[in-house]
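Basically the numbering used here = 1-based index in the sequence shown + 2. Each residue gets a CB set at the ideal place from its N, CA and C atoms; glycine is no exception. Model, not experiment: these values are computed from the prediction. The structure under discussion appears below in the form of structure tokens.
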Amino acid sequence: MVCAVILTAIRIEYMAVSAHLSDLREEIHPNGTIYERGQFSVGGQEWEVGIVQTGAGNSPAAMEAERAIAYFKPDVILFVGVAGGIKDVQLGDVVAATKVYGYESGKVAETFRPRPDVGRSTYNLIQRAKAEARKRDWLARFSDSAQPNVFVEPIAAGEKVVTNKKSDLFEFLQHNYGDALAVEMEGHGILKVAHANQQVSALIIRGISDLIDGKSRADEGGFQEIAARHASAFAFEVLGKFWLSRNQEYNGESHPKSSNFLADNFEESMKLQEVLIDYFNARQKPGQHLKSLVNISQIQVDTAAIDYNLPVRELIPNFYPEIFKSRENSLSFLRVFRSHLLKDSDEQLFVNKIIAMIR
């Protein structure tokens with residue numbers, strides 16, 4: 003049986019998703035996260051679906067996404083929820099994100115200079131979303147008489163709730179991210195995690211619950227619930243029509259066996275990230291030192307995704323997925339990194355353990 007994980011931020015979104023599942027049962031992660039696991043059947047395809055409420059914000063969403071991937075070993079991960087419309091959309095419409103701009107990323111000089119950090123949904127799910135957006139079949143998955151439109155376009159995500167079109171932030175979004183149709187608070191973190199877990203297909207799906215101005219009135223009018231219902235309906239239509247490649251090998255299991263360290267070893271992965279952060283925090287020019295280690299290890303990284311001038315607490319989480327996008331990258335970088343640690347220190351012994359796990 004193939005598996006999907008669907009993440010939501012708030013209760014309304016969670017309930018809209020769970021309404022499409024049968025045989026729901028609660029499960030508790032060893033670290034305390036509470037999931038529900040249910041079944042979704044369509045056209046002879048059986049999906050096992052895990053759902054979790056992450057809370058608001060890119061960081062909590064990313065943490066729960068990483069944990070859920072390690073726990074469920076899914077084939078697909080979706081984030082389904084509501085968003086504020088920036089342009090071209092109406093209340094109740096749905097946006098499936100081709101990419102999510104992290105609008106908080108940039109440099110503060112005389113003014114704030116954005117340095118767009120982009121998370122991308124995976125190609126196969128974008129294509130399926132476009133195909134379903136051209137049809138109207140998905141409308142049968144909810145009971146009201148609305149005829150919302152679906153857009154498969156970029157959106158933006160940050161850590162702020164935008165409630166006024168005259169605000170500096172709204173003008174900033176329009177000026178710097180002019181093709182973004184909506185703004186939210188979790189999608190960028192989810193797609194960064196998905197980038198590090200390339201065995202998983204990922205897509206962000208948002209229902210438009212407000213048009214920025216009049217957000218409170220829209221919320222009072224029940225549009226959060228409507229938008230969540232529409233987003234969930236479209237998400238399950240995409241999931242129902244999404245057929246995994248016939249060439250994918252399952253090794254006799256309900257999911258492909260992962261070779262990705264991040265996916266399989268959540269606790270060790272988080273500890274290693276802290277080791278890297280502590281190490282580079284102690285360097286005078288951490289960004290240049292990291293760049294030097296990358297060059298020495300000869301790993302292939304997405305240079306457009308890495309700003310070596312960022313503070314270490316931002317730099318390492320941005321760079322981290324690049325280390326583990328392949329086994330070769332992981333081993334090459336960690337061996338070089340290990341050589342810069344004190345011999346037989348706790349940090350070096352821990353890195354030795356990680357290298358042995360990956361190898």
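Expected contact under 8 Å - CB spacing of residue i and residue j to nearest Å
i	j	result
A184	I79	Contact doesn't hold; Cβ gap of about 19 Å is too wide.
I279	V338	Actually they are not in contact, since the Cβ atoms of I279 and V338 sit about 17 Å apart, beyond 8 Å.
V7	G209	At roughly 19 Å, the Cβ-Cβ gap does not stay under 8 Å, so V7 and G209 are not in contact.
F172	N178	Actually they do not touch by this definition, with Cβ atoms about 11 Å apart.
A182	I157	5 Å
Classification of residue i by the beta-carbon crowding that lies within 10 angstroms, buried from 16 upward
i	result
N199	buried
S234	buried
K327	buried
R248	Its pLDDT being 29, under 50, R248 is placed unreliably by the model, and nothing is read from it.
N311	exposed
S24	exposed
E251	Summary for E251: the model assigns pLDDT 36, below 50, so the residue's position carries little reliability; its value from the coordinates is reported in the next sentence. By the neighbour-count rule (16 or more Cβ atoms within 10 Å), E251 is not buried but exposed.
G34	exposed
D348	exposed
D119	buried
N253	Confidence is the limiting factor: at N253 the pLDDT is only 39, short of 50, which leaves the residue's position unreliable and the question unanswerable from this model.
S332	buried
V362	Absent from the structure is residue 362, since the part of the chain shown begins at 3 and ends at 361.
I228	buried
Alpha carbon of residue i to alpha carbon of residue j, nearest angstrom
i	j	result
S20	F174	36 Å
A358	K243	40 Å
D419	L295	A question about residue 419 goes unanswered here, because the residues of the chain that appear run from 3 up to 361.
M187	E155	17 Å
P319	I308	10 Å
S145	H232	10 Å
E15	F321	31 Å
G52	E161	26 Å
V240	L127	8 Å
Q129	I192	19 Å
A237	D77	15 Å
Q350	I71	27 Å
A63	F74	16 Å
V340	A148	Val is not the amino acid found at residue 340; the sequence shown has Arg there. Computed Cα separation, rounded: 58 Å.
F335	M272	17 Å
G104	R69	21 Å
L344	I36	40 Å
Q201	T124	10 Å
G87	D221	13 Å
R285	E270	23 Å
E134	H342	51 Å
Q300	Q275	20 Å
E50	F81	16 Å
H291	L317	12 Å
N151	V303	38 Å
A159	L141	27 Å
G46	M65	33 Å
V96	I30	31 Å
K1	L9	The displayed coordinates of the chain run from 3 to 361. Any statement about residue 1 would go beyond what the structure contains.
I356	E106	32 Å
K217	K89	15 Å
Q169	Q176	The residue you asked about is not Gln; residue 169 is Ser in the sequence shown. Rounded to whole angstroms, S169 to Q176 spans 11 Å at the Cα level.
F352	T100	38 Å
S61	E48	31 Å
Bridge-paired residues (DSSP) for residue i
i	result
Q47	V44
I53	I8 and E38
F153	V97
Y103	V120 and A158
S203	V78
S24	Q41
I395	Lying outside 3 to 361, the shown extent of the chain, residue 395 is not represented and no answer is given.
I210	A85
Other residues of its chain near residue i: CB distance less than 8 Å, five sequence neighbours each side excluded
i	result
R13	Q55
L26	S20, E38, R39 and G40
A58	A11, I12, M187 and E188
K293	Y310
Beta-carbon contacts of residue i that lie in its chain and below 6 Å, excluding the five residues immediately before and after
i	result
E28	E38
F225	L93 and S211
K132	V154
G121	V102, H190, L193 and K194
M17	none
V163	none
L213	G87
P323	H197 and A198
Neighbourhood of residue i by C-beta distance below 7 Å, restricted to the same chain and skipping five residues each side
i	result
V314	I279, F282, N283 and P288
D215	N166 and K167
I325	N331, S332 and F335
A230	I14, E15, A18, G83, V84 and G209
I360	F263, R329, S332 and L333
G143	Residue 143 is actually Arg in this sequence, not Gly. Once the five neighbours on either side are set aside, the close Cβ partners of R143 are A235, F238 and E239.
L246	The predicted model places L246 with a pLDDT of 44, which falls under 50 and marks its position as unreliable; any figure quoted below should be read in that light. Once the five neighbours on either side are set aside, the close Cβ partners of L246 are V4 and D77.
F42	H22, L23, W49, V51, F238 and L241
Proximity test, Cβ basis, 9 Å: residue i and chain B
i	result
A98	Chain labels in this structure do not include chain B; a single protein chain is all it has.
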